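Working notes for the structure below.
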Amino acid sequence: MEQQYVEWDYFFYPLPEDGDEDPPTWREIRTLRDFVERFGHADEIPADYAARRLMSLCDEDQQVEERGDFANKGDRVSWFLWDLGMFMPRYQRAVLKVVEAVRALSVLERTEDQILSGRFADSLLGWNRLDKFEEIWNDRSIYFSNVNRYGSFPFEGLGGCVITNAFQANHLSIYPPSSPRSPELCRGFYTIVFALEQDPWNHTPRLPYSRHDKRNAYGHIQMLNTDLRCLSPFIEISGSVLFYFLDRKDLTSLEALKLPNSNLWKGDSLFTMQRWQFWKERLLWISKQDELMNLTRELAAKLVRSMQNIEKNKI
Numbered sequence: 064m065e066q067q068y069v070e071w072d073y074f075f076y077p078l079p080e081d082g083d084e085d086p087p088t089w090r091e092i093r094t095l096r097d098f099v100e101r102f103g104h105a106d107e108i109p110a111d112y113a114a115r116r117l118m119s120l121c122d123e124d125q126q127v128e129e130r131g132d133f134a135n136k137g138d139r140v141s142w143f144l145w146d147l148g149m150f151m152p153r154y155q156r157a158v159l160k161v162v163e164a165v166r167a168l169s170v171l172e173r174t175e176d177q178i179l180s181g182r183f184a185d186s187l188l189g190w191n192r193l194d195k196f197e198e199i200w201n202d203r204s205i206y207f208s209n210v211n212r213y214g215s216f217p218f219e220g221l222g223g224c225v226i227t228n229a230f231q232a233n234h235l236s237i238y239p240p241s242s243p244r245s246p247e248l249c250r251g252f253y254t255i256v257f258a259l260e261q262d263p264w265n266h267t268p269r270l271p272y273s274r275h276d277k278r279n280a281y282g283h284i285q286m287l288n289t290d291l292r293c294l295s296p297f298i299e300i301s302g303s304v305l306f307y308f309l310d311r312k313d314l315t316s317l318e319a320l321k322l323p324n325s326n327l328w329k330g331d332s333l334f335t336m337q338r339w340q341f342w343k344e345r346l347l348w349i350s351k352q353d354e355l356m357n358l359t360r361e362l363a364a365k366l367v368r369s370m371q372n373i374e375k376n377k378i
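For the record, in the sequence shown the residue sitting at position 42 is 105 according to the working numbering, with numbers rising by one throughout.
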């Protein structure tokens, strides 16, 4: 427990050099900390109670007085929720439950004076919907999954990519979509297709900002060390959700994104059982490649077992 509280110092005592003019307040930090640490336990705090306390505007006048135009309840809480999910991934599911609870609030708590004067009235709806969180969710997911997936040196950006994908996979697991066009679902399929359906010896992802790629063929297959970790959450956490869309998800748009002469999948563009089996074959192949890290090969074998368990549970 002591180690957990040390982790929270990241939020309680933000570094001045980080340049955050509107960091979360201690009340907000304590409220969210108490909720996420008890989430799933016998003494769990009701999500609606935590949401009301987290979004209460009763102390917001003080923040405006101290921080001026930088003070923005909706933006501040949204960034706090995102940063917590990224900094402490084990709390991602709890964070998503808080987001849901905030959006379900009928009103945000205000003082009588705030109500009579109409303070914050123009911002209430957007704060209640956590519009900023939606914006952050979309923008940062794209950034970590694409732009910062590879860098100039091995594994640059790896952590952010894996944790972001875990966030999205947890969202899929908690809120399984009914539509095959779900952004999180599309991200999962894209990540898997990108890694398993292209020739790793030849495909070279384009580096951002036109940076020159100096890697050789050996370096290209080493990218699988990154690729496999990036796709793993979508199988380990939300694989059953993807499996639900067998024969329902068309992957034609992803086919067009593959690099020339690198496509290994020769079957139908639909997500079928044959394609699922092909992914397992590719993972088995990866598990036997001595050029890769031991952890990568072990993870590939583990993902095969996860896929087999998903199949058994769906029979």
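Heads up, the beta-carbon is just placed ideally off N, CA and C, and yes, glycines get one too.
Because the structure is a prediction, the values reported are computed rather than measured.
Our contact map puts residue 137 next to residue 97 with C-beta atoms below 8 angstroms; I'd like the distance itself, whole angstroms only.
About 21 angstroms separates the two Cβ atoms, so there is no contact after all.
Select from 263, 166 and 285 the residue whose C-alpha is nearest the C-alpha of residue 324.
263
Count the other CB atoms within 10 Å of the CB of residue 241; is the residue buried (16 or more) or exposed (fewer)?
Exposed, because fewer than 16 other Cβ atoms sit within 10 Å of the Cβ of residue 241.
So residue 367 and residue 296 are in contact, right, with Cβ under 8 angstroms, and what is the actual spacing, rounded?
In fact, because the Cβ distance is near 16 angstroms, the residues do not count as touching under 8 angstroms.
To which residues of the same chain is residue 64 closer than 6 angstroms at the C-beta, ignoring the five residues directly before and after it?
Because residue 64 sits at a pLDDT of 48, beneath the cut-off of 50, its placement in the model cannot be relied upon, and the following sentence gives the value as read from the coordinates. Nothing meets the Cβ criterion.
Close Cβ partners of residue 102 (< 6 angstroms) along its chain, the five nearest in sequence each way excluded:
Taken in chain order, the residues that qualify are 157.
Just how far apart, CA to CA, sit residue 119 and residue 126?
Their Cα atoms are separated by approximately 12 angstroms.
Count the CB pairs spanning the stretch 307-325 and the stretch 247-254 that are closer than 8 angstroms, and state whether there are at least three.
Remark: three or more beta-carbon pairs, one from each stretch, lie closer than 8 angstroms, so the stretch 307-325 and the stretch 247-254 are flagged as touching.
Is the CB-CB distance between residue 327 and residue 261 below 8 angstroms?
yes
Only counting the same chain, and skipping five residues up and downstream in sequence, which positions put a Cβ closer than 8 angstroms to that of residue 192?
166
Alpha helix (DSSP H) containing residue 137: first to last residue?
136-150
According to the neighbour-count rule (16 or more other Cβ atoms, all chains shown, within 10 Å of its Cβ), is residue 171 buried or exposed?
buried
Label residue 231 either buried or exposed according to how many other C-beta atoms from any shown protein chain fall within 10 Å of its C-beta, with 16 as the threshold for buried.
buried
Those residues which DSSP pairs with residue 313 across a bridge:
Within the DSSP bridge table, the entry for residue 313 names 333 as partners.
Going along the chain, which residues of its own chain have a beta-carbon closer than 6 angstroms to the beta-carbon of residue 202, five neighbours each way excluded?
none
Same chain, Cβ closer than 6 angstroms to residue 217, neighbours up to 5 away in sequence not counted
Bear in mind that a pLDDT of 49 at residue 217, under 50, signals an unreliable position, so the model cannot answer this.
Length of the line joining the Cα atoms of residue 292 and residue 359:
CA-to-CA, the gap between residue 292 and residue 359 works out to about 8 angstroms.
Coil, strand or helix - residue 357 by DSSP:
The three-state reading of DSSP puts residue 357 in helix, counting H, G and I together.
Element boundaries [alpha helix (DSSP H), containing residue 251]:
246-259
Find the nearest neighbour of residue 141 within the set 177, 341, 169 and 92, judged by alpha-carbon distance.
92
Report the residue from 159, 73, 316 and 301 whose alpha carbon sits nearest the alpha carbon of residue 99.
159
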